[in-house]
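Residue numbers (the numbering used here), protein chains in the order written: chain A, 300 to 565; chain B, 195 to 557. Heads up, the thing below is written out as structure tokens.
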């Protein structure tokens, strides 16, 4: 079982330990957090020094975000086997056409697992087959598997669902822990949160308040607390399934940065 | 630009068309589907019975009525499905096609590939659930047979204008009224409709009667102090996950953040989670720029809204587009829209906008 550490901020390189064999670097949810070329080089150099394999993580992007990714591809292509996590069909399409040599990983925004924790509230009220449905996702379809394989996808990224996971393990998978994302937005709630003078809902210019604030959200109808980090809400599930190999999971991705940020909230 | 209106019962079809709707869209949540998969795994992203037609017979009636006025009907099959659902999904697709619908709204990659593999010839509209944020994603879906792209809510006006201008040979559609979700539809994995399962058919009653719409309408007219207090009432504590009145606790690892800032941040986040965040936004002022950019269709959200509300929405859009056809200045158009809004809904828009920002188009 390969163990990776996920960070998006170079300040958190210190969270990588000798347990980790791979560095995941980059933001999954926000294009404003994309690293610069020099930051990417620094992360790559760190990985080289520590003999870590390297994965660049990319978010969903607008056309502006696609432009901002361009210099990163140029840095990355000099690296041996530079794996890229894609969370945007456009990025996947672009890389397939322009950098077919990159091994690609389907990010958790595109794996379409059913994550909402309130499913636990209705577990006893739905047919058994439904529960099975909520544990699965569209990647079990051979049509989809073949298509993704043609598009250069070699692996898929999964969250550790509260209701458990079932899948047909044709494509190798990674499991993120201990946090699962539930939802994300471009109308970032954290933006200007300590000095709200703008409309509540809009796409703001970013001042990276997400690197300063974390929020814990609790409600009697939400079975588990939610954690709001920047534009994304997560829940925690530290119970890793015992049958990882049956699920085709051969990599664990530890969200060391979130663990560090969310620590005071727990 | 075409006005695309929602339908959830055959009897509202003619009135919507007479009011100005040029395209209609709907979904079907049949008893057989619901029995097997419950409403939570609805085949079309609207998990409430009240948002849907009850069966394909009703869809057939909708299609026949609409076609008698030369108005196309678009069927939503835009959930994310699992392999288990395919037998039932194939049936839904087959029965939907038999009714003569003119296009499908699709979000799921598997269903797109299935339709392509089976050689089914029908225009495919990529749902907002397809998360199309850039031109390369449009290209991705075009290769899979898409004829129309439905943009996500989470775009600024300049971004919409740019992506619509760049998109050649494919229709572009944007939401224009109602249901401004704070999360990105295709990336949000909260389930709707959980309460319908939890509380049973009684939960359907307020939605079927359009009470949620009327409640928000009342809240909107109250002074903000009072509406804010009502919207936090525990009475509404079991609605959608994005409206829950969470207890919010802020944390910071930075020594520069004092208690005062933490409390301000908590209050700010807390303010975004309550019933008021469900107030219906409006993007009609932006039609001026959308039209110049080449937008094909503008969609009214709210399949479960009462017919009276749908009619108001269609008439408001029709009047705005009629005024736009006389080539007014942008300022005159915005003034017209704001006044028309007040006349149509009997309260000012309050600048609760669907989209923000101004494009750099040189008009």
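The beta carbon of each residue, even a glycine, is placed where N, CA and C say it ideally should be.
Linking residue 310 of chain B to residue 511 of chain A through their CA atoms gives a straight-line distance of about 47 Å.
Just so you know, the alpha carbons of residue 506 of chain B and residue 539 of chain B end up roughly 8 Å apart.
Distance from the CA atom of residue 320 of chain A to the CA atom of residue 414 of chain A, rounded to whole angstroms, is 28 Å. Not a single CB atom of chain A sits nearer than 8 Å to the CB of residue 488 of chain B. A direct Cα-to-Cα measurement between residue 473 of chain A and residue 444 of chain A gives close to 16 Å.
One thing to note: residue 417 of chain A has its Cβ within 8 Å of the Cβ of residue 522 of chain A.
Taking 8 Å as the threshold, the shortest C-beta distance from residue 391 of chain B to chain A falls below it.
Residue ranges of uninterrupted beta strand (DSSP E) with 3 or more members, entirely inside the region 375-450 of chain B and ordered along the chain, are 441-446.
Here residue 286 of chain B has 237 as same chain residues with Cβ atoms under 6 Å from its own Cβ, once five neighbours each way along the sequence are excluded. For the pair residue 385 of chain A and residue 394 of chain A, the CB atoms are nearer than the 8 Å cut-off. In this structure, residue 341 of chain B keeps its C-beta atom at 8 Å or more from the C-beta atom of residue 314 of chain B. Under the 10 Å beta carbon count, residue 426 of chain A is surrounded by fewer than 16 other beta carbons and is classified as exposed. Chain-order list of chain A residues neighbouring residue 348 of chain B: 484, 485, 486 and 502, by C-beta distance under 9 Å. Every unbroken stretch of the beta strand (DSSP E) spanning 3 or more residues and falling wholly within the region 309-384 of chain A is given here in chain order: 321-324 and 352-356.
The residues 530, in chain order, have a CB closer than 6 Å to that of residue 517 of chain B in the same chain once the five nearest residues on each side in sequence are set aside. What residue 376 of chain A touches in chain B, judged by beta-carbon distance under 8 Å, is nothing: the nearest beta carbon there is about 18 Å away. Residue environment for residue 458 of chain A: buried (at least 16 other C-beta atoms within 10 angstroms of its C-beta). DSSP lists A/475 as the bridge partner or partners of residue 458 of chain A. A contact is defined here as three or more CB-CB pairs under 8 Å, and the region 494-509 of chain B meets this definition with respect to the region 195-213 of chain B. The beta-carbon separation of residue 304 of chain A and residue 314 of chain A, rounded to 7 Å, stays under the 8 Å limit for a contact. Inter-residue distance for residue 255 of chain B and residue 204 of chain B is about 6 Å (C-alpha atoms, whole angstroms).
Listed along the chain, the chain A residues whose CB falls inside 9 Å of the CB of residue 221 of chain B amount to none; the nearest CB is some 18 Å away.
Across the structure, residue 449 of chain A and residue 343 of chain A are spaced so that their CA atoms are roughly 28 Å apart. Runs of alpha helix (DSSP H) with 4 or more residues, each lying fully within the region 296-379 of chain B, are found at 303-311, 329-337 and 351-360, listed in chain order. Only residues of its own chain outside the window of five on either side were considered, and among them 223, 241, 242, 243, 387, 390 and 391 have a CB closer than 8 Å to the CB of residue 233 of chain B, listed in chain order. Non-local beta-carbon contacts of residue 257 of chain B in its own chain, meaning distances under 7 Å to residues more than five positions away in sequence, involve 267, 293, 294 and 295 in chain order.
Using a C-beta cut-off of 8 Å, the region 475-486 of chain B makes no contact with the region 448-461 of chain B, since fewer than three inter-stretch Cβ pairs fall below that distance.
Using a Cβ distance threshold of 8 Å, residue 356 of chain B and residue 490 of chain B do not count as a contacting pair. Residue 465 of chain A is a Cβ neighbour of residue 434 of chain A, given a cutoff of 8 Å. Per the coordinates, the alpha-carbon of residue 385 of chain B lies some 40 Å from the alpha-carbon of residue 373 of chain A. Fewer than three pairs of CB atoms, one per stretch, sit closer than 8 Å, so the region 512-521 of chain A makes no contact with the region 399-419 of chain B. Within the region 480-547 of chain B, the complete beta strand (DSSP E) segments of 3 residues or longer fall at 491-494, listed in chain order.
Chain-ordered, the chain B residues with CB closer than 9 Å to the CB of residue 428 of chain A read 230, 231 and 278. In the three-state reduction of the DSSP assignment, residue 273 of chain B falls in the coil class. Residue 217 of chain B is positioned such that its CB atom lies closer than 8 Å to that of residue 265 of chain B. When DSSP states are grouped into helix, strand and coil, residue 532 of chain A belongs to the strand group.
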